[in-house]
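S.K.: Before I ask anything, here is the structure I am working with.
There are 2 protein chains.
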Amino acid sequence: MNRRTVRFMPDNRVVQVPEGMDLHRAAAAAGLELKSVCGGEGTCGRCAVKILEGKPEVGGGNLSPRAKKQGLVLACRTLVTDDLVVEIPADSRLADHQLADGSTGRVLAENTYDRLAEFGLSPLCRKVKVKLPEPSVTENGSDLSRLLLGLKEQGVEGDITISLDALRALPETLRQGSWDATVTLAEISCRETGPRLEIVRVEAGHSEAPPYGLAIDIGTTSNVVHLVDMSTGTVLERRGTYNRQAMYGDDVITRIIHATEEKGGLNDLRKAVVETLNGLIESALLARDLDQEEIVAAVVAGNTTMAHLFLGLWPGYIRLEPYIPAATSFPVIRAAEAGLQINPVAPVLTLPAVASYVGGDIVSGMLAIDVEEHEEVTLFIDIGTNGEMVLGNKDWMITCSCSMGPCFEGGGITFGMRAVPGAIQRLEIEPGTYEVKVTTIGGARPRGIAGTGLIDALAKLRSVGIIDRAGAFHRVPNRRWRTGAEGPEFVLVWAEDTEQGNQDIVISESDVKNLLRAKGAAYAAIRTMLQTMELPPEAISRVFIAGAFGSYLNLRDSIEIGLLPDLPPERYSFIGNSSVKGSRLALMSRVARDKAETLAHQMTNLELSEGNTFMEEFVSALFLPHTDLSLFPSVAAVPSPDANAAGAAGTAAASNEAAVGAGEAQSQAQTQVNNENEGQHS
Amino acid sequence: MNRRTVRFMPDNRVVQVPEGMDLHRAAAAAGLELKSVCGGEGTCGRCAVKILEGKPEVGGGNLSPRAKKQGLVLACRTLVTDDLVVEIPADSRLADHQLADGSTGRVLAENTYDRLAEFGLSPLCRKVKVKLPEPSVTENGSDLSRLLLGLKEQGVEGDITISLDALRALPETLRQGSWDATVTLAEISCRETGPRLEIVRVEAGHSEAPPYGLAIDIGTTSNVVHLVDMSTGTVLERRGTYNRQAMYGDDVITRIIHATEEKGGLNDLRKAVVETLNGLIESALLARDLDQEEIVAAVVAGNTTMAHLFLGLWPGYIRLEPYIPAATSFPVIRAAEAGLQINPVAPVLTLPAVASYVGGDIVSGMLAIDVEEHEEVTLFIDIGTNGEMVLGNKDWMITCSCSMGPCFEGGGITFGMRAVPGAIQRLEIEPGTYEVKVTTIGGARPRGIAGTGLIDALAKLRSVGIIDRAGAFHRVPNRRWRTGAEGPEFVLVWAEDTEQGNQDIVISESDVKNLLRAKGAAYAAIRTMLQTMELPPEAISRVFIAGAFGSYLNLRDSIEIGLLPDLPPERYSFIGNSSVKGSRLALMSRVARDKAETLAHQMTNLELSEGNTFMEEFVSALFLPHTDLSLFPSVAAVPSPDANAAGAAGTAAASNEAAVGAGEAQSQAQTQVNNENEGQHS
């Protein structure tokens with residue numbers, strides 16, 4: 030097969046690829062990751078690149094007229110049939126994630142806490158120092174039996190196995206340390222028979238170094254690794270980045286399709302996430318000057334699909350009714366089996382899931398908070414591509430998952446983007462003048478709008494009267510209001526003020542409709558859980574909002590658009606990446622490990638739209654904030670902009686508008702339903 | 030580095046090797062295995078080859094003048110510095126082993142039996158058929174939880190783990206079988222908590238095929254694999270061949286030296302034995318048209334060094350005082366870790382050892398017999414390069430190991446050879462005429478003398494008066510008696526009657542002395558055990574002789590030379606390869622697996638020459654049959670040939686001779702002791 034050379038600019042990275050490979054893959058082969066929401070189907074328009082030299086075979090796909098005019102082509106639809114020089118615009122590139130390391134800008138410490146003290150220290154691996162008698166003609170037991178006797182003297186008994194690696198090194202290790210040794214013991218839980226111990230590693234002499242472990246969160250979008258001192262539970266290093274699986278699609282459904290329909294697809298995805306993690310691990314180890322050998326345990330939390338892909342389990346039936354995962358409890362495997370570049374025999378524990386769409390990340394999050402300890406009802410929400418929620422108290426817990434669509438992660442919105450530098454995170458619109466003030470992540474020149482910025486935009490567009498309660502645009506006499514290629518749109522940032530400099534950043538009516546569907550789904554899910562338990566929203570005493578997205582959420586705006594229930598702000602806590610927090614707890618405590626299994630079994634999974642009111646709730650929630658204003662008393666109390674504009678008559682108009690909007694929303698919901706039937710959680 | 034081409038004849042096999050590699054390795058690289066007793070040190074003279082073309086660098090070494098005259102060179106001392114054509118004589122080649130498959134020509138079935146009925150069927154792996162309900166929206170548990178429920182319905186409960194391989198395949202397997210499945214469950218013993226179950230494999234539908242397992246004996250010389258139907262315990266195929274480790278030396282000591290002193294040596298040896306086993310496995314599977322996947326368990330028995338080398342454990346301290354193995358109980362590993370080409374997650378159980386020189390092969394042999402069930406005292410002997418013995422009854426068991434030297438395996442004897450076709454197995458010498466009648470293995474033309482033939486020779490040379498009780502040659506007026514290069518020798522076969530046709534097969538005085546030391550060591554070990562327990566030889570009610578060598582032993586001759594105690598023949602049973610028999614029992618029964626651990630702990634290891642009478646016993650046993658004739662009443666009762674020849678005076682002469690001989694033996698013993706101090710069990 031002929032090979033062609035492709036040079037990617039501005040990185041100036043060169044790769045040789047077989048003729049006929051698409052440019053998306055070629056970039057991946059060069060170590061450059063392009064965006065992809067559609068998984069290379071040519072439909073998301075995210076991987077646009079510019080051909081600077083050479084003549085490839087260009088296959089079309091969904092590219093905006095603007096992009097076409099700029100001479101861009103879609104990398105996934107462009108085949109290498111010539112030597113090429115290709116420019117990757119910043120927009121098409123996966124960038125570093127601002128919050129991906131699991132630390133957050135705003136952790137409300139007063140409302141969250143570390144449950145480790147409550148659970149007690151009993152880490153997955155611990156070190157035991159032994160002093161062994163020197164062998165002699167009369168004391169001539171094997172090295173291993175000598176070691177086991179030494180452990181027994183330290184109070185370690187029971188069924189102790191030893192990894193082949195540790196046993197292979199044992200004779201030299203014991204002699205090197207003159208019969209002083211430090212044994213790293215892993216404790217593997219067995220539900221019936223109690224924990225089983227394995228000797229993972231033996232060091233010569235008495236080592237003062239603690240055993241190190243990893244708490245890992247595998248998100249669909251971001252992966253996070255925390256390096257933990259297992260003698261104390263202290264997090265030493267935090268690392269995060271995008272999940273490299275993104276090159277195969279942005280959401281779990283496109284990834285499952287790649288895994289199950291492409292030859293070797295499952296392994297592609299398994300490798301992509303493992304490589305992502307290994308990159309993070311390497312960086313953390315470098316910072317602390319640690320060897321792979323010293324990392325002797327890992328706990329992984331991820332949604333059910335991520336857990337499947339990480340372990341190489343067939344995820345195909347997660348996507349198909351009745352949505353059956355291969356497993357919800359996962360075997361403890363060795364790092365070498367997982368492909369993690371740590372001590373090859375380190376146990377790797379994957380936290381159990383509840384169901385296909387409520388995964389170990391949620392179970393992990395529940396470890397981090399204390400729902401099961403309280404009489405009062407707690408709501409836990411993890412917002413990402415999917416919204417997963419748990420409602421419960423010490424007596425019951427129900428959980429559900431709803432597709433939020435990719436809006437809040439930057440997908441499906443004209444200028445949507447992830448929460449990376451240059452993304453608009455907050456915005457203000459001045460009533461009357463409609464002048465816009467934006468705040469971007471990192472204070473960079475604006476490049477697009479992050480999820481939190483979109484929530485702000487929705488709330489502000491509504492409060493200044495540009496959109497009505499159903500999300501329809503009202504013409505306002507301002508140059509920012511205009512009719513674009515896809516209908517009415519509002520200019521948030523003029524082209525000359527943007528990073529790119531060549532186009533205005535706008536939000537269109539269709540963007541608004543997508544956002545309404547996303548927030549509507551989330552609220553409908555919460556309401557459905559409440560109604561299943563016959564509880565009013567006020568019954569919720571505490572709301573924990575997890576996820577990097579949650580960490581930057583504007584609470585007031587989120588309530589005003591009807592994304593979150595209208596509760597006093599003091600009931601809300603933003604807990605950041607609770608998935609990695611729970612992983613750490615499981616790494617550090619047997620109680621947490623056992624509790625994870627118990628929690629996974631205790632939570633009742635509510636399949637939305639199966640014998641419940643979700644569809645009705647969804648339709649009702651496609652308004653700002655909701656059809657039923659009594660659910661949002663604090664929002665309803667504020668005079669509506671329409672009322673301001675139209676005086677007393679405005680109220681009736683608003684009601685009419687609501688009625689019209691309801692019909693409109695109904696048909697939109699219908700579309701959503703049809704989509705959902707194809708792949709419920711997309 | 031320059032590479033050279035070597036063509037080996039008559040195989041006509043060509044290999045390219047780096048310049049400077051020795052011919053022994055070059056032959057191995059060509060898949061041809063040459064003999065080696067010394068491990069490539071140039072001292073054993075076994076790997077002689079003929080250079081037909083080219084000029085290698087010849088390094089000398091211990092080669093007989095005869096071989097030199099024939100133009101032979103030692104492969105291990107000859108470096109490839111030119112393109113070569115090399116002939117490998119049959120004598121220098123490792124040949125197929127007659128009895129290596131563990132079946133024997135003479136199994137005294139009336140004295141041995143299959144303990145499986147006693148132990149009961151509870152194999153290491155069993156199959157369970159399950160019928161699972163089809164998943165639905167309301168029954169939407171994971172595939173794994175569905176499977177575990179199905180197993181519970183079949184009465185299988187407790188801590189059940191699943192191998193990652195099996196879990197990866199589970200979703201497709203269950204659907205392919207329309208929710209009927211056959212689960213292969215492995216039962217891993219845990220001493221404290223009882224057995225732990227692992228799902229090794231899941232088949233679609235209800236499979237009628239049994240689970241297959243392997244019973245493996247790793248001998249220093251020969252490896253044996255039995256393919257077992259684990260539903261019944263039936264042995265389906267038997268395979269055996271030489272352990273390819275032989276290319277690194279014939280005995281455990283030279284192999285330990287290679288493993289510990291050569292770079293990568295341990296891995297060389299590990300690979301050599303694993304490759305040997307894989308060859309046998311492949312052949313057995315081909316015969317039954319089975320896939321690797323279907324072999325779901327293996328039990329391995331071998332001496333302690335063999336177990337270490339198989340598992341890649343550091344064997345260095347086995348050889349050095351105080352002789353400490355890395356382990357005597359070995360972790361259960363997966364076939365993939367071991368490198369065995371069967372189902373990669375199949376559990377591989379290595380039977381426990383007692384000490385450095387009493388290994389899992391002996392424990393395995395003890396499983397096959399029932400010493401621990403009887404009041405009466407039983408002696409168990411496994412004769413090979415080392416002699417390992419157990420003496421005991423239901424209340425006590427002692428065990429020891431003595432170096433027999435390589436005599437009985439064909440080493441250290443001028444015309445010694447292994448028990449392969451052409452080896453003299455039996456011989457008769459006509460009194461007076463001294464005419465010799467030999468019987469060879471396979472009825473082939475004689476090529477050398479097997480161990481059993483050497484025992485015959487010793488007995489017969491003594492009975493016709495050619496050697497005296499101390500092993501010294503008496504000149505007899507016959508052309509077969511002559512003085513060779515190394516002293517007196519007796520011609521067993523004339524050159525024209527041999528396979529090679531170019532030299533007489535002789536037995537020399539130094540051969541006889543070597544044989545005396547070997548048989549003396551074995552008998553001294555038995556006597557030392559007896560004396561430790563203050564028992565006379567007659568106290569032994571049963572003797573079980575294990576090993577391929579034992580199977581062809583001439584019992585009467587063995588008693589006459591004083592190798593075995595002078596007991597009535599009905600007390601002796603030849604049980605063949607008891608090591609592979611015990612492996613099968615462990616494969617088939619939990620009782621046997623647990624008993625193996627118990628037995629290994631019950632046996633008291635007697636270090637010979639440590640606080641016991643071994644050295645005195647050894648010196649006394651360097652006679653035919655022994656210094657103390659009262660120990661061999663049945664031998665003493667037969668008139669001695671010296672008495673025949675010399676009449677009444679002969680008795681006194683014999684006594685004198687015995688006295689002289691005793692002094693001589695003493696100094697020989699001293700030599701032996703010195704050798705032993707270097708590497709006790711060589």
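Sequence order for the protein chains is A and B.
Sequential numbering of the first sequence, starting at 30, is according to my numbering.
Sequential numbering of the second sequence, starting at 30, is according to my numbering.
The beta carbon of each residue, even a glycine, is placed where N, CA and C say it ideally should be.
Predicted model, so just to flag it, every value in this text is computed and none were measured.
When you compare the CB of Asp390 (chain B) with every CB in chain A, is at least one pair closer than 7 Å?
M.R.: Numbered from its first residue, the second sequence carries residue 390 (chain B) at position 361. No, its Cβ sits nowhere closer than 7 Å to a Cβ of chain A.
S.K.: Go ahead and pull the three-state DSSP assignment for Gln45 (chain A).
M.R.: For the purposes of this step, residue 45 (chain A) is taken as residue 16 along the first sequence, with counting starting at 1. Here Gln45 (chain A) sits in strand by DSSP.
S.K.: Count the other CB atoms within 10 Å of the CB of Glu227 (chain B); is the residue buried (16 or more) or exposed (fewer)?
M.R.: Counted from its first residue, the second sequence places residue 227 (chain B) at position 198. Result: buried.
S.K.: Quick check on the DSSP output: what are the complete beta strand (DSSP E) runs of length 3 or more inside the segment 531 to 558 of chain B, in order along the chain?
M.R.: List check, beta strand (DSSP E) in window: 534 to 537.
S.K.: Please classify Leu425 (chain A) as buried or exposed, where buried requires at least 16 neighbouring CB atoms within 10 angstroms.
M.R.: Translated into positions along the first sequence, residue 425 (chain A) becomes position 396. The residue asked about is misnamed: residue 425 (chain A) is Trp in this sequence, not Leu. Looking at its Cβ environment, which holds fewer than 16 other Cβ atoms inside 10 Å, Trp425 (chain A) is exposed.
S.K.: What number of angstroms, rounded off, separates the C-alpha of Val109 (chain B) from the C-alpha of Gly445 (chain B)?
M.R.: Translated into the one-based positions of the second sequence, residue 109 (chain B) becomes position 80. Translated into the one-based positions of the second sequence, residue 445 (chain B) becomes position 416. Taking the straight line from one Cα to the other gives about 30 Å.
S.K.: With H, G and I counted as helix, E and B as strand and the rest as coil, what does DSSP make of Phe578 (chain B)?
M.R.: Start at 1 with the first residue of the second sequence, and residue 578 (chain B) comes out as number 549. In this structure, Phe578 (chain B) counts as helix in the three-state DSSP scheme.
S.K.: Looking at Ala397 (chain B) and Lys610 (chain B), is the spacing between their C-beta atoms short of 7 Å?
M.R.: Translated into the one-based positions of the second sequence, residue 610 (chain B) becomes position 581. Translated into the one-based positions of the second sequence, residue 397 (chain B) becomes position 368. In contact: Lys610 (chain B) and Ala397 (chain B) (Cβ atoms closer than 7 Å).
S.K.: Can you find at least 3 beta carbon pairs, one from the segment 522 to 533 of chain B and one from the segment 386 to 396 of chain B, that sit closer than 8 Å?
M.R.: As far as the Cβ criterion goes, the segment 522 to 533 of chain B does not touch the segment 386 to 396 of chain B, which means the pair count is below three.
S.K.: If you count every other CB in all the chains shown that lies within 10 Å of the CB of Lys84 (chain B), and 16 or more means buried, which is it?
M.R.: Within the second sequence, residue 84 (chain B) is the residue found at index 55, counting from 1. Answer is exposed; the Cβ neighbour count stays below 16.
S.K.: Does the Cβ of Thr443 (chain B) have 16 or more other Cβ atoms within 10 Å, making it buried, or fewer, making it exposed?
M.R.: Sequence index remark: in the second sequence, residue 443 (chain B) carries index 414 (1-based). Buried is the call here.
S.K.: Opposite Thr34 (chain A) in the DSSP bridges: which residues?
M.R.: Reading the first sequence from its first residue, position 5 is the one you call residue 34 (chain A). The partner list for Thr34 (chain A) (beta bridge, DSSP) reads A:Gln45.
S.K.: What residue range is occupied by the uninterrupted alpha helix (DSSP H) comprising Lys97 (chain B)?
M.R.: One-based indexing of the second sequence puts residue 97 (chain B) at position 68. Run containing Lys97 (chain B): Pro94 to Lys98, per the alpha helix (DSSP H) assignment.
S.K.: Glu401 (chain A): which of A:Met418, A:Phe148 and A:Lys423 sits nearest, CA to CA?
M.R.: On the first sequence, residue 401 (chain A) is found 372 positions in, with the first residue counted as 1. Taking only the C-alpha atoms, the option nearest Glu401 (chain A) is A:Lys423.
S.K.: Roughly how many angstroms lie between the CA atoms of Met644 (chain B) and Pro435 (chain B), to the nearest whole one?
M.R.: Your numbering for residue 644 (chain B) matches position 615 in the second sequence. Your numbering for residue 435 (chain B) matches position 406 in the second sequence. One C-alpha to the other measures close to 20 Å.
S.K.: Establish whether the CB of Ser171 (chain B) and some CB of chain A are separated by less than 7 Å.
M.R.: Walking along the second sequence from the start, residue 171 (chain B) turns up at place 142. Yes - at least one Cβ of chain A is within 7 Å of the one on Ser171 (chain B).
S.K.: Counting C-beta neighbours from all protein chains within 10 Å, is the total for Asp657 (chain B) 16 or more, i.e. buried, or is it exposed?
M.R.: As a working note, residue 657 (chain B) is residue 628 in the second sequence. Classification of Asp657 (chain B): exposed, given that the 10 Å Cβ count is below 16.
S.K.: Please report whether the beta-carbon of Val329 (chain B) lies at a distance below 7 Å from any beta-carbon of chain A.
M.R.: Residue mapping note: residue 329 (chain B) aligns to position 300 of the second sequence, counting from 1. No, no contact with chain A.
S.K.: Under a CB-based cut-off of 7 Å, is Ser165 (chain A) close to chain B?
M.R.: Here residue 165 (chain A) is taken as the residue at index 136 of the first sequence, counted from 1. Yes, because at least one Cβ of chain B sits closer than 7 Å to the Cβ of Ser165 (chain A).
S.K.: For Lys97 (chain A), does the count of other Cβ atoms within 10 angstroms reach 16, so buried, or fall short, so exposed?
M.R.: As a first step, residue 97 (chain A) must be located in the first sequence, where it is residue number 68. Exposed.
S.K.: Counting only beta-carbon atoms, is Ile247 (chain A) nearer than 7 Å to chain B?
M.R.: What you label residue 247 (chain A) is simply residue 218 of the first sequence in a count that begins at 1. By this cut-off, Ile247 (chain A) is not an interface position.
S.K.: Of all the CB atoms in chain B, is at least one closer than 7 Å to the CB of Asp209 (chain A)?
M.R.: Walking along the first sequence from the start, residue 209 (chain A) turns up at place 180. Not one chain B Cβ lies under 7 Å of Asp209 (chain A).
S.K.: According to DSSP, is Asp318 (chain A) part of a helix, a strand, or is it coil?
M.R.: As a working mapping, residue 318 (chain A) is identified with position 289 in the first sequence. Of the three classes helix, strand and coil, the one that applies to Asp318 (chain A) here is coil, per DSSP.
S.K.: I'd like to confirm something about Ala367 (chain A): is its beta-carbon nearer than 6 Å to some heavy atom of the ligand NAD, or not?
M.R.: This structure lacks the ligand NAD; in fact it carries no ligand of any kind.
S.K.: According to DSSP, is Leu660 (chain B) helix, strand or coil?
M.R.: As a position in the second sequence, residue 660 (chain B) is number 631, starting the count at 1. The answer is helix: DSSP assigns Leu660 (chain B) an H, G or I state.
S.K.: At what residues does the alpha helix (DSSP H) containing Val609 (chain A) begin and finish?
M.R.: Indexing the first sequence from 1 puts residue 609 (chain A) at position 580. Element bounds for Val609 (chain A): Ser607 to Met617.
S.K.: Alpha carbon to alpha carbon, what distance is there between Gln370 (chain A) and Asn307 (chain A)?
M.R.: Translated into the one-based positions of the first sequence, residue 307 (chain A) becomes position 278. Translated into the one-based positions of the first sequence, residue 370 (chain A) becomes position 341. Distance between the alpha carbons of Asn307 (chain A) and Gln370 (chain A): 6 Å.
S.K.: Residue ranges of each alpha helix (DSSP H) run of no fewer than 4 residues wholly in the segment 372 to 405 of chain A, ordered along the chain?
M.R.: Counting only runs of 4 or more, we get 389 to 397.
S.K.: Give me, in chain order, the residues of the same chain whose beta-carbon lies closer than 7 Å to that of Ser684 (chain A); leave out the 5 immediate sequence neighbours on both sides.
M.R.: Translated into the one-based positions of the first sequence, residue 684 (chain A) becomes position 655. Residue confidence for Ser684 (chain A) is low, a pLDDT of 40 falling below 50, so the modelled location carries little weight; the figure read from the coordinates is stated next. Same-chain partners within the cutoff: there are none.
S.K.: Less than 7 Å between the beta carbons of Met418 (chain B) and Ile410 (chain B), yes or no?
M.R.: Residue mapping note: residue 418 (chain B) aligns to position 389 of the second sequence, counting from 1. Residue mapping note: residue 410 (chain B) aligns to position 381 of the second sequence, counting from 1. In contact: Met418 (chain B) and Ile410 (chain B) (Cβ atoms closer than 7 Å).
S.K.: Whole-angstrom Cβ separation of Gly439 (chain B) and Ala499 (chain B), contact assumed at under 8 Å?
M.R.: Here residue 439 (chain B) corresponds to residue number 410 of the second sequence, with the count starting at 1. Here residue 499 (chain B) corresponds to residue number 470 of the second sequence, with the count starting at 1. That belief does not hold up - the Cβ atoms of Gly439 (chain B) and Ala499 (chain B) are roughly 24 Å apart, past 8 Å.
S.K.: Where are the beta strand (DSSP E) runs, 3 residues long or more, that stay fully inside the segment 414 to 495 of chain B, in chain order?
M.R.: Within the segment 414 to 495 of chain B, the complete beta strand (DSSP E) runs of at least 3 residues are 415 to 421, 426 to 432, 452 to 458 and 465 to 469.
S.K.: Please classify Ser121 (chain B) as buried or exposed, where buried requires at least 16 neighbouring CB atoms within 10 angstroms.
M.R.: Looking up residue 121 (chain B) in the second sequence gives position 92. Label assigned to Ser121 (chain B): buried.
S.K.: Mind checking who Lys158 (chain B) pairs with in its DSSP beta bridge?
M.R.: Residue 158 (chain B) sits at position 129 when you count from the first residue of the second sequence. Lys158 (chain B) is bridged to B:Thr211.
S.K.: Is the CB of Arg348 (chain A) under 7 Å away from at least one CB in chain B?
M.R.: Taking the first residue of the first sequence as position 1, residue 348 (chain A) is located at position 319. Not an interface residue.
S.K.: If we cut at 7 Å on Cβ distances, does Val353 (chain A) have a partner in chain B?
M.R.: Here residue 353 (chain A) refers to the residue found at position 324 of the first sequence. Per the sequence presented here, residue 353 (chain A) reads as Ile, with Val not at that position. Answer yes: the Cβ-Cβ gap between Ile353 (chain A) and chain B drops below 7 Å somewhere.
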